[in-house]
Every structure is written in structure tokens, then in C-alpha cells.
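Encoded as C-alpha cells, the structure appears first; notes follow it.
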Amino acid sequence: MTVTVEPEVFRFVEFDNAMIAEVGNKLAAQLGIDRPIVVRVDETTPLGRVRATIGDTIEVTVESGAFEDSKRPRRQSEVATTINLGRILLRVRDRLHGGFGEAPLDDDIALAQMAAWETYCAGRLSRLGLRINRQRWLYNFRNRHGFSDKADAAFDAVWAADSLTWVQLEAISDAAVAVPSSA
Amino acid sequence: MADPYKPRTPFAPWDRRQLPGLFDVEESARRIGNYKWAEMKLFETLGGWVATVPELDVKMRLGTHCYHHAWHAELWHKRLPELREMNPDRLTKPANDAMVRFIEALSEPEAAEQTIEKLVGVYRVFIPHFIAAYTFHRNNTSEITDAPTIRSLNFALHDELEDWRDGEMLLQSLIETPAEVDRAAAHQARLEKIMLEAGGIAGPGSIGVE
Amino acid sequence: MRKFFPVEELARDSRFTQINMRQAQADPRTALVGPNAARRAKTNRLTPSRPDASEAARALMHGIFVGEIQALEGAGRTCHDFETATGSNSAAGTETDSVPFALKLDMARQAWDESRHVEISVKLGEWMGAEIGQFAENTVLFEAACSTDPVMRLAGVNRALEGLAIDVFTTMKEFGEVAGDPFLGFCEDWMLADEVTHVKMGSDWLRKVTENDPERRARALEFQSIVDKLFSFGGTRSESSDSPIGLARRFRELAGFTSDEVDEIADVSLAALEDRKAFAAAAMSSSGMSSSGMAADE
């Protein structure tokens, strides 16, 4: 399937349209995503959120910080591009094929549940050979579920999993949350 | 409980401190002025080098040791007026011209690639000479009349020995080739020769041998 | 070894990449204006409830880490770069090329404190999943420590930038406490205690050294104000909820700032925030960007 990237030419950042498309195509093939993908980069913000809308075409909206080389502001990092595109495309694949039909829209997912889903994605990406900092995701998981042995055990289970459903993921996350809160 | 009014010896049987000492007030003050000057030069040099060393562990150690030597300088600065030297600046001076040249040679390396030279100067030459001079002073001054100096010397010696170990271990971890062994040895020899000329931190007699 | 070490030559291992303030300011992107700002929550303040909280906290921790390295280097250089004042100058250090002995001792003490802060930051960074050198290092703190007048260094580093550190540590301490992190709040509180001491050192020495030189004091305070504003560029720190880092009034007052001085910093920081918004809006406009974040003709 074809990945197209907007804009063609970047003005605020030194990103490479072709490289993003190449990374996207490779990931789509690796993850078995069989629909066209449009990646729209918002280069006006240094933040790093990535969102996706699934239709006949998968539309991915990326804030430029997600593809940026954090050592060299405004320049692109192929590693960051791969990891962050990989994370969102895994979530897309989960929704399309992986038992995530019951999952709410991204905006309606609690922060703890989103952290659990991100952990599930990061663990699988690490097993695909990408260089993922496990501690980074553990810290995020702890921030959302509490700094406890119970939360760490839940993290380990999610990180190592390859075939969770949304219902299973939600149950693990809900059970691990130490104190229900907005976090 | 023992009778509190029963006369006891002023010095307990295990207290073997003696009155005699090698140094009178003037000599003790002279040496302490030299120590203060040398400790100041050392902490200033260590502070200056922090920005010049790329190795993160070394950078942090230099910052830590910088304060140790500043504190020693402060101890000596406070001791001088107690030794009738009401103007501490007057005695805060190098033992001789060779000590000035020693400091110039010690602080000369600046390049990022010269961490070995920097550490050799401090931990294989300067600090061992501090340990020697302080140990000699502690072991030869009057244990009773000069007790405040002994107390400060003991604090300083504790730091010097700990810092020497830190520095020596950093050096052993940085020296990886025979060429670097030669570099370290050559710089040590260069500085040691100047120190020999100086006669030690407090000049000839720093460790009793003139 | 030279007196006065240039910022461009700060020694770092191969993991680090440095940028200066000019390069940082040249980035026209911001989350403060445009379509993203409208979509964002009501506050940008760094709290665990922010969706990007972990990322933002990790990046800030790395910023603290490199800031501590530069603060260590700056304090060390002040020990080395100036002669020790003697004779009638010894208390005040009235010459710009010399400083009182006791001021040097304070700088050496600060060097040790900053060394510990680097150690703490490395450990906290690992805990949070950051890697050494993962983010670009802005060298602005050491730039403020390059002045050839020690009083300027006290104003720029101890009062302005260490003052900022008080604000940053207070924000991070609160973040750690709300998140339930067993280490973050604990460590930040210890570092905060040290920073209050460093700012107080700066306040006390600035007052003492310029006691008989009001003109020099005025120049130093003006420099502090410039550094305060420079470091607020991007709206990083202000009392507005648009800023990730708040202004820690109570700790600043403990550190020797008067209420008027804190008010002035609050005003300067707010002005910097507004400047940044205007700069970003102008950059977007000149690039043909509409409020949708896409080129106007698309």
C-alpha cells in the first residue's frame, strides 16, 4: 500500500518527505496494513503527538516533534520517525485486526489505558528489532498506574504480550491503577 | 557509680599525648600560611579544569574535590589569627619561587585531551606531597599546645587520602596504552622535579628532611 | 590554563550536542499559538495530567542535568578566573578582576553542590528513561558565567539562572509528589534547598561587593533582568498557566529576593511569553501558514 506524506516541502523544519514515505511503506508492509496511508505533519509545533483516523484511507496526523532529532532541533531523526510511526500504525492494526473493536476513540481513552496500550505497542516494536528504551515506557506506565510492584508486574505482562485484546488490556490496566485519578 | 570527688589523674592512663613539639608558634604559622596558599591554588585549578575535561565522571569529581581544598584553605585561614598572625594575607604565600613554578606547570594543561596530565599533576604529585607534609606536621607538633592544628590536619588528611584514591582510580581507568603510561610518567617526572626543587608544600623541611 | 574559558570550548563527551540561545530562539515553532494551542488543555503547566507528562518531565530533567553541568563549570571558573582580593579590597573586592576569598569559598562550595546535582540528575534521568545526551544542550547558562566582571556572574548565574532553577525544581517537586514518584519529589526538594542557598549567596555577595559602587550594582541588576527575560523566551517560565514552569515566589523570597524583585521577574517573564507568542504568530504568517497549521493555499 502507498504512503503519501504532506507537506511536500517543509518550511519550519528540515524534514524529508521521501524518507517519511519510505519508513511508512516499510512499516505498513511489516505490520500488514493493507490500506492507503496519508501522513500529515504539522510542522508549526515542536510537540510530539501522533493521531490516526481510520477510514478507507488511514490518516495519520503528526506533530513535528515526533519525527525530530531531539539532539538537533528541527532536523529529522529516522529512528524517531520509525518508532513513532510504528507506534501509531500498530494501534491502527490493533483496531483493524487485533480485537480492539471495543476500544473507545483515542480522545476518550483514559491516560492509564493509553499508557498500557502504548506499552503494548512499544514492547512489540522492540521485538521487531527497533531500539526501544524500556525504562522510558516503564516510567510512563508508572506515572499512570502508580509506582508500585503491582504496576510493575502489570507493565511486564503488557510489555511481553503479543496478542492482547482491548478487553484484556483494559482489565490489566484497571487492576494495576493504584489510585483512580485523572492520571 | 564511682565517687565523683575522688581525685583522678588529669591524663587518663591511655592518653599518651606529650607536650614537646618541633614547631613553635611562628613556625607553625609559617607552614600553615604555605598550606593555605597551596590549597587555594589547588582548588582554583580544579575549579578551572572542570569546564575543560570531557569525561563526565572526572568533571564531577573535580567539582567535589575543588570544595574539599577550598575548605582546607578556609581551615588554615581561620587558624592563622589564632597563631598571632592577625593579617592572614601576610603569611598566605608560596614556600618559595619553585612552588610558584610548580603551580604554573601543574595548571598548564588545558586541552580536552589532557585529562591524564591534569589528574597526574594533582593525584600523583601534589596531593601525595600534601599527605606527606600534613602527616609530618601532625606527627611532630605538640599534641597538647597545637591540638587545634592537629584537628584540622586530621580533617584535611582524611580528605586528601580519600581524594587521592578517587583520583588514582580515575587515572588507572583512563590509562589504556603503554604510550599513555609514558605520558603520565613523563608529566609526573617533570612536576616532581620542580617539587623536589621546592622542597615540598612548605619548602625544605616539609617532611623533616632538609 | 587560560583565564576566561569560551563557551564554544566547553568539554563534553561524544554523546552531547550543544546549541546556543540564538539557535534555540531561531526555532519558529511553538505550542503557544496556532491550531495546537486551541486544541490543548487549559494549562500548559507541567503536571501528571498532561497527556505528554512523562515525555515533558523527561526532557525537563535532561535540561536540568545539562544546566547543572554548566552551573558546576561556571562556579569552578569563578574560583579560577579572578585573583583573590587582598588588603583593603579583601572584604569587598572592589576591582573587577578580583573577588573576596570568602566569595571564592562559596563558589567552591557551589561547585560541590552542582556536582551532586549532576549526580542526582543522572540517576533521576535513568529512572525516567532518559539517556545522557538524548536532547540538545543549550549553553545559555555558561554564557552567563563568561562575564569578565564577577558581579555580572553573580547577577546572571546566581540570581537569574539559579533563580530559574528554584522555579524549575519547585515545579518538578510538585510533579513528582502528585504522580506518587518515590524519588523525584524527594530529590528535587534537596536540590531546591541548595539552590535557595546559591541564590542567597548571589544576593548577599552582589549587595556586599557593590556596596560602594551603585553604578556597578545597577549594571549587574540590568544584566540579571536581561538574563531573566532571555531565559523566559518561549514562555518557559511565568505565572501564566501557558508556561510549563511556574514562579516559586516563596522560595525566591527565602533566597533573598524582595517582593518587588519577584514582581519584576513575574512581569519580565510574562512580557517574554507575549513576545514569544508574537514572534511565533509572525513566523507563521510570513510562512503563509493559516490557523489550521497548513499552508494557506492548501
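Chains as they are written, first to last, in our numbering: chain A, 1 to 183; chain B, 184 to 393; chain C, 394 to 691.
Just so you know, even glycine gets a beta-carbon here, dropped at the ideal spot from N, CA and C.
Checklist entry - For T53 (chain A), does the three-state DSSP call read helix, strand or coil? => result strand
Item to check | Residue span of the alpha helix (DSSP H) that contains V236 (chain B), given as start and end | outcome: Premise fails: V236 (chain B) is in no alpha helix (DSSP H) and is neither H nor E.
Item to check | Buried or exposed (CB count within 10 angstroms, at least 16 for buried), N337 (chain B) | outcome: exposed
Checklist entry - Looking at the C-beta of S508 (chain C), does it have a partner C-beta in chain B at a distance below 8 Å? => result yes
Item to check | Per-residue contacts from R422 (chain C) into chain B (C-beta, under 8 Å) | outcome: The contacting residues do not exist; R422 (chain C) stays about 30 Å from chain B at best.
Checklist entry - With C-beta atoms as the reference, is F398 (chain C) less than 8 Å away from R470 (chain C)? => result yes
Item to check | Three-state secondary structure (DSSP) of V492 (chain C) | outcome: strand
Item to check | Within chain B, partners of G469 (chain C) - CB distance below 8 Å | outcome: L229, G230, G231, W232, V233, A234, L245, G246 and C249
Checklist entry - Using DSSP with H/G/I as helix, E/B as strand and the rest coil, what is R438 (chain C)? => result coil
Next on the checklist: Looking at chain B, is there any beta carbon in it that lies within less than 8 Å of the beta carbon of F494 (chain C)?
Outcome noted: yes
Checklist entry - In chain C, which residues lie with their C-beta within 9 Å of the C-beta of L138 (chain A)? => result G522
Next on the checklist: Taking the beta carbon of V167 (chain A) as the centre, do at least 16 other beta carbons fall within 10 Å, making it buried, or is it exposed?
Outcome noted: exposed
Checklist entry - Between the Cα of L128 (chain A) and the Cα atoms of A:G86, A:R144 and A:P46, which residue gives the shortest distance? => result A:G86
Checklist entry - Using a C-beta to C-beta distance shorter than 8 Å, which residues of chain A count as neighbours of F528 (chain C)? => result S70 and K71
Checklist entry - What number of angstroms, rounded off, separates the C-alpha of T165 (chain A) from the C-alpha of W117 (chain A)? => result 10 Å
Checklist entry - Where does Q113 (chain A) sit, in a helix, a strand or coil, going by DSSP? => result helix
Checklist entry - Along chain A, in chain order, which residues have C-beta atoms closer than 7 Å to that of T410 (chain C)? => result K71 and R72
Next on the checklist: Would you say E604 (chain C) lies against chain A (beta-carbon separation less than 8 Å)?
Outcome noted: no
Item to check | Best match in C:L640, C:L647 and C:A671 for proximity to N659 (chain C) [C-alpha to C-alpha] | outcome: According to the sequence displayed, residue 659 (chain C) carries Ala and not Asn. Minimum Cα distance to A659 (chain C) is reached at C:L640.
Item to check | Range of the contiguous alpha helix (DSSP H) that encloses R91 (chain A) | outcome: E78 to H97
Item to check | Straight-line Cα distance separating R443 (chain C) from S182 (chain A) | outcome: The predicted model places S182 (chain A) with a pLDDT of 43, which falls under 50 and marks its position as unreliable; any figure quoted below should be read in that light. Using only the alpha carbons, I get a separation of about 10 Å.
Checklist entry - Looking at the C-beta of L557 (chain C), does it have a partner C-beta in chain B at a distance below 8 Å? => result no
Next on the checklist: Closer than 9 Å between beta carbons: that is the criterion. Which residues of the segment 337–358 of chain B meet it against chain C?
Outcome noted: none
Checklist entry - To the nearest angstrom, how far is it from the Cα of G386 (chain B) to the Cα of A288 (chain B)? => result 17 Å
Item to check | 8 Å Cβ cutoff met for L403 (chain C) and A234 (chain B) | outcome: yes
Checklist entry - Name the chain B residues that come within less than 9 Å of D343 (chain C), Cβ to Cβ? => result Given a span of 394 to 691 for chain C in the structure shown, any question on residue 343 (chain C) remains unanswerable.
Checklist entry - Whose Cβ in chain C lies nearer than 8 Å to the Cβ of R91 (chain A)? => result Result: empty, since nearest Cβ-Cβ is about 15 Å, beyond 8 Å.
Next on the checklist: Taking the alpha-carbon of I172 (chain A) as reference, which of A:I132, A:T119 and A:I33 has the nearest alpha-carbon?
Outcome noted: A:T119
Checklist entry - Taking the alpha-carbon positions, what's the A558 (chain C) to E507 (chain C) distance? => result 12 Å
Checklist entry - Within the 8 Å Cβ cut-off, does R49 (chain A) reach chain C? => result yes
Next on the checklist: DSSP has V62 (chain A) in a bridge; who is on the other side?
Outcome noted: A:V41 and A:V50
Checklist entry - Would a check of beta-carbon distances place C539 (chain C) closer than 8 Å to chain B? => result no
Checklist entry - What does A446 (chain C) reach in chain A if we use C-beta pairs closer than 7 Å? => result N143
Item to check | Range of the contiguous alpha helix (DSSP H) that encloses V533 (chain C) | outcome: V533 to A537
Checklist entry - Are any of the Cβ atoms in chain A nearer than 8 Å to that of P637 (chain C)? => result no
Checklist entry - Nearest chain C C-beta to A295 (chain B) closer than 8 Å, yes or no? => result yes
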